[in-house]
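Here is the structure we will look at, set down as structure tokens.
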């Protein structure tokens with residue numbers, strides 16, 4: 002939650018009513034009394050796997066008239082990478098565009114920074130930092146970013162795997178170092194990201 006009472010949402014979960022309801026309940030429980038409805042300042046999508054972006058569809062169908070979204074932030078591949086297909090992009094972009102007043106920030110790139118109330122978000126890596134080298138899987142299409150908020154730094158790795166983890170090893174230490182880290186791919190396969198985890202410290 003930002004200092005003005007608005008929210009940042011990252012991914013969200015599966016395309017189930019339970020995951021959509023969990024997001025909505027969290028927003029409502031923390032919504033400031035002077036806000037008529039919860040306001041999501043930025044909804045960041047790390048990648049197109051259904052366990053990351055799926056809840057957005059269910060949430061849109063159930064709560065679009067109860068929540069305001071000011072912007073969606075993402076970078077979906079324009080080439081097929083593993084099980085990620087660019088033919089799906091339009092479906093998801095149409096869904097996001099159905100939110101009245103929401104801006105689609107559709108091409109995040111490494112080094113981009115976005116300022117929100119009391120927070121700064123820096124993009125650390127996207128699939129474009131690996132392409133056209135070989136990809137281990139669609140996990141390496143994750144958009145990785147760091148949020149600096151309330152005196153803490155939080156890194157969101159999405160599912161970043163071998164390719165993206167290797168690329169981020171070339172970043173300055175202070176660019177990736179964080180107080181809190183979201184384990185990539187649910188904590189699986191430490192080998193793929195072990196050096197990066199140490200760099201994040």
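Residue numbers (this note's numbering): 2 to 202. Beta carbons are placed, not taken as given, at the ideal position from N, Cα and C, and that holds for glycine. Bear in mind the structure is a predicted one, so any value in this text is a computation, not a measurement.
Answer yes or no: do residue i and residue j have a C-beta to C-beta separation smaller than 8 Å?
i, j, result
"residue 125", "residue 169", "yes"
"residue 145", "residue 120", "no"
"residue 42", "residue 9", "yes"
"residue 201", "residue 179", "yes"
"residue 186", "residue 135", "no"
"residue 65", "residue 93", "no"
"residue 59", "residue 17", "yes"
"residue 5", "residue 53", "no"
"residue 96", "residue 57", "yes"
"residue 80", "residue 39", "no"
"residue 132", "residue 107", "no"
"residue 116", "residue 127", "no"
Quick one: is residue i near chain C, going by C-beta distance under 8 Å?
i, result
"residue 43", "No chain C appears in this structure, which consists of one protein chain only."
May I ask which residues mark the beginning and end of the alpha helix (DSSP H) holding residue i?
i, result
"residue 29", "18-31"
"residue 93", "90-98"
How would you label residue i, buried or exposed, when you count the other beta carbons within 10 angstroms and need 16 or more for buried?
i, result
"residue 165", "buried"
"residue 147", "buried"
"residue 173", "exposed"
"residue 85", "buried"
"residue 33", "exposed"
"residue 48", "buried"
"residue 78", "buried"
Would you give the residue range spanned by the beta strand (DSSP E) that residue i belongs to?
i, result
"residue 147", "145-150"
"residue 183", "181-183"
"residue 199", "Note, residue 199: premise wrong, no beta strand (DSSP E); alpha helix (DSSP H) at 191-201."
"residue 68", "Unbroken run through residue 68: none, as it is neither H nor E."
"residue 125", "120-126"
"residue 132", "Careful: residue 132 lies outside any beta strand (DSSP E) and carries neither H nor E."
"residue 106", "104-106"
Measuring alpha carbon to alpha carbon, tell me which of the options ends up nearest residue i.
i, options, result
"residue 19", "188, 152, 55", "55"
"residue 35", "11, 7, 100, 27", "7"
"residue 45", "68, 21, 72, 61", "72"
"residue 29", "188, 2, 52, 51", "2"
"residue 137", "193, 21, 159, 14", "193"
"residue 153", "122, 61, 167", "122"
"residue 89", "21, 37, 51", "51"
"residue 87", "105, 142, 63", "142"
Would you say the beta carbon of residue i comes nearer than 7 Å to a heavy atom of the ligand SAH?
i, result
"residue 176", "The model on display carries no ligand, and the ligand SAH is accordingly not part of it."
Going by DSSP, name the residue or residues bridged to residue i.
i, result
"residue 157", "146, 183"
"residue 43", "9"
"residue 178", "Residue 178 pairs with nothing; no bridge assigned."
"residue 114", "123"
"residue 77", "Bridge partners of residue 77: none, in fact."
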